[in-house]
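K.L.:
Please read through the structure below; I'll follow up with questions.
2 protein chains.
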Amino acid sequence: MDELKAVRTFLAVAELQSFAAAARRLSTTTASVSRAVSGLEKHLDVQLFVRTTRQVSLTSAGASYAARIAPVIEDFDQAAHDIRSQSGSALGRIHVSAPMSMGMRVLPDLLSDFGDEFPGIEVSVTMTDEFVDIIKENYDLAIRISGPPDDKSTIWRKICLVERILVAASGSRFAKIDTPNALTASACLGYDANGGEEIWELRSATAKHSLTAGRTFSTNNGDLLARMVENGKGIALLPRFIVKDALAKNRIVQILPEWRPPDIWLTLYYPPYERLPAKVAAFSDFFERHVTDIKPLSTFLD
Amino acid sequence: MDELKAVRTFLAVAELQSFAAAARRLSTTTASVSRAVSGLEKHLDVQLFVRTTRQVSLTSAGASYAARIAPVIEDFDQAAHDIRSQSGSALGRIHVSAPMSMGMRVLPDLLSDFGDEFPGIEVSVTMTDEFVDIIKENYDLAIRISGPPDDKSTIWRKICLVERILVAASGSRFAKIDTPNALTASACLGYDANGGEEIWELRSATAKHSLTAGRTFSTNNGDLLARMVENGKGIALLPRFIVKDALAKNRIVQILPEWRPPDIWLTLYYPPYERLPAKVAAFSDFFERHVTDIKPLSTFLD
DNA sequence: CAATTCGTTGCATCAAGCGTAATAATGGCT
DNA sequence: AGCCATTATTACGCTTGATGCAACGAATTG
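Listed below in structure tokens is the structure:
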């Protein structure tokens, strides 16, 4: 038995003091109303109405139940209504995960502008260079810089290419390297989200060269890695925007520019939504617009 | 679709973070759980969970709905539980209708004793000599003194016989009447709940006599009628307990004692309950016990 | 790599809800 | 006073919707 419908029917009868009138309001038959009410009475083991064929009156138990349950039903419907209207409008809080290096450079401006445009959306940002489990950690969106994702349980959207270059400290012995064969495992510092080793697959116009970096040192933080390079500890494969300043100030230099690593992308990851909630879509669109048009990421690449 | 069951299922899944675990708890299949949740999602037009085959996680909309709706469901169930337990125990308020004359004599003591025995039951007494519509006026119980009831829409219970006698003022010309034929219409004062006329059907051992009283005066209040009789205004057919004092003080006398009117009864009327609520049954039983055993109505008849 | 577990979906079965209509009761209206 | 309309209930078929089973794709564990 549909208990909820029974209670709604009961309330209609209680208000209208008539089974027939309730049936008309609910666009059903008196038979249905009668069954619903007597079903509820059996379920609650209480007589709710005193009835003759011409009069219907609440028992005191019925009156007290009606008074008790009516606001509950109203609240129930209100909750459904709230959820429905909330999901359609861009309101609420979104949890965003972002990588440290990229986040520190791009997010301050972006979040300020976003807050101006969408004052109804609260944003909470967790910056980390680990690969988070979007689902388990309850993120609405994760910003990552990575190669093609192999995770089938998330959906993602490429925003733009992130140029990576091989760098070494100016004037160091590493800066003189001009052939991939000169790259020794101990000289290659690893950049890996899990702090493990990193495979470098370098392609020139005609050849390719593969080696494992990070045997002696690796980190999940690009800025730390850049500082290690500056200190002459070795060579790293880093997004250009991270080392932009150091390049400009000539503290580090690009090596082997004709050998290119595989493309990696600035990518947005979402939990496997059937369709994106409005507030997440708002942030997502704003992010893409901001990064590609308004204050393009290339700002960091030049 | 049973919306309530869907919400309950949703809450189980939300709590256990698993469709399969929820199915086990609810003693059903995962298929049923899956359908219930996706049905609710369609109904609310919101995605409640983000799911892969190995992980289930609430969306923020789902989390907010769960937080919102869980106390509502709890309240809903609590209301049902309250009603159920309330109806079984003798608690609450009962509305009683009682006639004036009888009520003034019997109720003060009775209600005091009842209050001692059932402190949980609040009693509200309306004293009136009109015939009230028990159902429309929302009484739980009506005490009446009347002949056999013709109302099919109430249930009733005879408590005891109420002896009625014909009375006249001592020393008046009416006191000398010794044959029914001497009763003139103008001398017979009516006692009628509706303030109308009253049919007297008198029976002796061998004969019967019928006449209409109340042509010149009638009332629905026995005490008023008794005072009219004392004042020598005529003859009335009254319950003995009303005129007990006046008889004892010899202000009025019984006439035609061998001619008896039809029996009338002290009767309890109830709304057409399928079965009597505990609190009403408690009052009803107490009333009967009190009137017939402890302080019998015959106290007023002797 | 095999095996298990998970959520979803198609399919066949079945029960529950529905409207119709008949019934008894009751109040209004003429 | 009696006819008529309206009311709540109940029995009867039918249809719709729910349910359980099984197969499937996906993903983790050993």
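So the protein lines, in turn, are chains A and B. For the first sequence, the working numbering begins at 1 and goes up steadily by one. For the second sequence, the working numbering begins at 1 and goes up steadily by one. Don't be surprised by glycine CBs; every beta carbon is placed ideally from N, CA and C.
(1) Determine the chain B residues that contact I135(A) at a beta-carbon separation under 9 Å, and present them in chain order.
(2) Residues in the same chain with beta-carbon distance under 6 Å from A168(A), minus the five sequence neighbours each way, listed in chain order, please.
(3) Residues of chain A with CB closer than 7 Å to the CB of V72(B), please, in chain order.
(4) Which bits of chain B does N138(A) rub up against, with CB to CB less than 7 Å?
(5) Curious, which full-length alpha helix (DSSP H) runs of at least 4 residues does the segment 82-145 of chain A contain?
(6) Would you identify the three-state DSSP class for Q254(B), choosing helix, strand or coil?
(7) Compare the C-beta of I199(A) with all C-beta atoms of chain B and state if any pair is closer than 9 Å.
(8) Between D75(A) and H43(A), what straight-line distance do the alpha-carbon atoms span, to the nearest angstrom?
(9) Starting from the Cα of F118(A), find the closest Cα among T292(A), V291(A) and A278(A) and give me that residue.
(10) Are any of the Cβ atoms in chain A nearer than 9 Å to that of D109(B)?
(11) Between S204(A) and the rest of its own chain, which residues show a CB-CB distance below 6 Å, the 5 nearest in sequence each way excluded?
(12) Taking 9 Å as the threshold (beta carbon to beta carbon), is Y273(A) in contact with chain B?
(13) What's the C-alpha gap between A328(B) and S60(A)?
(14) Does the count of Cβ pairs from the segment 92-111 of chain B and the segment 93-111 of chain A closer than 8 Å reach three?
(15) Secondary structure at K158(B), three-state DSSP: helix, strand or coil?
(16) For F49(A), name the three-state secondary structure that DSSP assigns.
(17) Can you tell which of L111(B), V56(B) and E130(B) has its C-alpha closest to the C-alpha of I134(A)?
(18) Any C-beta of chain B sitting closer than 9 Å to the C-beta of S112(A)?
(19) Just by C-beta distance, which residues in the segment 84-102 of chain B are closer than 9 Å to chain A?
(20) For my contact list, V280(A) and L141(A) are in at a C-beta cut-off of 8 Å; report their separation, rounded to the angstrom.
(21) Taking its Cβ as the centre, do 16 or more other Cβ atoms sit within 10 Å of R51(A), making it buried, or is it exposed?
(22) Does the beta-carbon of P108(A) have 16 or more other beta-carbons within 10 angstroms, so that it is buried, or is it exposed?
(23) Kindly list the residues whose CB is nearer than 8 Å to the CB of L11(B), restricted to its own chain and excluding five residues on each side of it in sequence; keep chain order.
(24) Give the range of the alpha helix (DSSP H) segment to which V243(A) is assigned.
(25) Does any C-beta atom of chain A lie closer than 9 Å to the C-beta of E3(B)?
(26) According to DSSP, simplified to helix, strand and coil, what is R25(A)?
(27) Please report how far the alpha carbon of L242(A) lies from the alpha carbon of L224(A), in whole angstroms.
(28) Which residues does DSSP list as the beta-bridge partners of K208(B)?
(29) Going by beta carbon distance, what residues of the same chain come within less than 8 Å of V291(A), once the five residues before and after it are set aside?
(30) Would you kindly report the start and end of the unbroken beta strand (DSSP E) that includes V167(B)?
(31) Could you tell me the boundaries of the beta strand (DSSP E) in which A318(B) lies?
(32) Measuring alpha carbon to alpha carbon, tell me which residue in A248(A), E201(A), E230(A) and A185(A) is nearest F217(A).
(33) Could you give the uninterrupted runs of the alpha helix (DSSP H) lying entirely in the segment 207-236 of chain A, keeping only those of 4 residues or more?
(34) Can you check whether the C-beta of A61(A) is within less than 9 Å of a C-beta belonging to chain B?
(35) Indicate whether at least one CB of chain A lies closer than 9 Å to the CB of L44(B).
(36) Hey, could you find the ends of the alpha helix (DSSP H) L268(A) is sitting in?
P.N.:
Based on what the coordinates show:
(1) As a working note, residue 135(A) is residue 135 in the first sequence. In chain order: V50, R51, T52, Q55, V56 and S57.
(2) Within the first sequence, residue 168(A) is the residue found at index 168, counting from 1. If we look at A168(A) and ignore the five residues flanking it on each side, its Cβ neighbours are F174, A175, I235 and I255.
(3) Residue mapping note: residue 72(B) aligns to position 72 of the second sequence, counting from 1. The contacting residues are V72, D75, F76 and A79.
(4) Locating residue 138(A) in the first sequence gives position 138, where the first residue counts as 1. Chain B residues near N138(A): S57.
(5) 100-117
(6) Here residue 254(B) corresponds to residue number 254 of the second sequence, with the count starting at 1. If DSSP states are grouped into helix, strand and coil, Q254(B) belongs with the strands.
(7) For the purposes of this step, residue 199(A) is taken as residue 199 along the first sequence, with counting starting at 1. Judged by the 9 Å Cβ criterion, I199(A) is not in contact with chain B.
(8) Here residue 75(A) is taken as the residue at index 75 of the first sequence, counted from 1. Here residue 43(A) is taken as the residue at index 43 of the first sequence, counted from 1. Cα-Cα distance, rounded: 22 Å.
(9) On the first sequence, residue 118(A) is found 118 positions in, with the first residue counted as 1. Comparing Cα-Cα distances from F118(A) to each of T292(A), V291(A) and A278(A), the minimum goes to A278(A).
(10) As a position in the second sequence, residue 109(B) is number 109, starting the count at 1. Closer than 9 Å: no.
(11) The residue you call residue 204(A) lines up with position 204 of the first sequence. Excluding residues within five positions, the ones whose Cβ falls inside 6 Å are E258 and W259.
(12) Within the first sequence, the letter at position 273 stands for residue 273(A). At least one chain B Cβ lies under 9 Å of Y273(A).
(13) There is no way to answer for residue 328(B), as the model of chain B reaches only from 1 to 302.
(14) no
(15) One-based indexing of the second sequence puts residue 158(B) at position 158. K158(B): strand per DSSP, three-state reduction.
(16) As a first step, residue 49(A) is located in the first sequence; it is residue number 49 there, counting from the start. The answer is strand: DSSP assigns F49(A) an E or B state.
(17) Residue 134(A) sits at position 134 when you count from the first residue of the first sequence. I134(A) has its Cα closest to that of V56(B), out of L111(B), V56(B) and E130(B).
(18) On the first sequence, residue 112(A) is found 112 positions in, with the first residue counted as 1. False, the Cβ-Cβ gap to chain B never drops below 9 Å.
(19) R84, Q86, S87, G88, G92, R93, I94 and H95
(20) Within the first sequence, numbered from 1, the residue matching residue 280(A) stands at position 280. Within the first sequence, numbered from 1, the residue matching residue 141(A) stands at position 141. With a Cβ gap of about 6 Å, V280(A) and L141(A) count as contacting.
(21) Taking the first sequence and counting its residues from 1, the one referred to as residue 51(A) is at position 51. So R51(A) ends up on the buried side.
(22) Here residue 108(A) is taken as the residue at index 108 of the first sequence, counted from 1. It counts as exposed.
(23) For the purposes of this step, residue 11(B) is identified with residue 11 of the second sequence, where counting begins at 1. Once the five neighbours on either side are set aside, the close Cβ partners of L11(B) are A66, I69, A70 and I73.
(24) Residue numbering aside, residue 243(A) sits at position 243 when the first sequence is read from its first letter. Per DSSP, V243(A) belongs to no alpha helix (DSSP H) and is neither H nor E.
(25) By one-based count along the second sequence, residue 3(B) stands at place 3. Closer than 9 Å to some Cβ of chain A, the Cβ of E3(B) qualifies, so yes.
(26) Here residue 25(A) corresponds to residue number 25 of the first sequence, with the count starting at 1. Three-state result, R25(A): helix.
(27) In the first sequence, residue 242(A) corresponds to position 242, counting from 1. In the first sequence, residue 224(A) corresponds to position 224, counting from 1. According to the sequence provided, residue 242(A) is Ile. The question's Leu does not apply to it. Near 10 Å, if we compare the C-alpha coordinates of L224(A) and I242(A).
(28) Translated into positions along the second sequence, residue 208(B) becomes position 208. Beta-bridge pairing links K208(B) to R203(B).
(29) Here residue 291(A) refers to the residue found at position 291 of the first sequence. If we look at V291(A) and ignore the five residues flanking it on each side, its Cβ neighbours are V106, L110, I159, C160, L266 and L297.
(30) In the second sequence, residue 167(B) corresponds to position 167, counting from 1. Taken as a continuous stretch (DSSP letters only), the beta strand (DSSP E) holding V167(B) covers R164 to A169.
(31) Outside the shown range of chain B, which is 1 to 302, sits residue 318(B), and nothing can be said about it.
(32) Locating residue 217(A) in the first sequence gives position 217, counting from the first residue. If we check each option's Cα against that of F217(A), A185(A) comes out closest.
(33) 222-230
(34) Along the first sequence, one-based indexing puts residue 61(A) at 61. Yes, its Cβ sits closer than 9 Å to a Cβ of chain B.
(35) Taking the second sequence and counting its residues from 1, one reaches residue 44(B) at position 44. Chain A, which has a Cβ nearer than 9 Å to the Cβ of L44(B), makes this yes.
(36) Position 268 of the first sequence, counted from the first residue, corresponds to residue 268(A). Run containing L268(A): none in the alpha helix (DSSP H); it sits in the beta strand (DSSP E), I264 to Y270.
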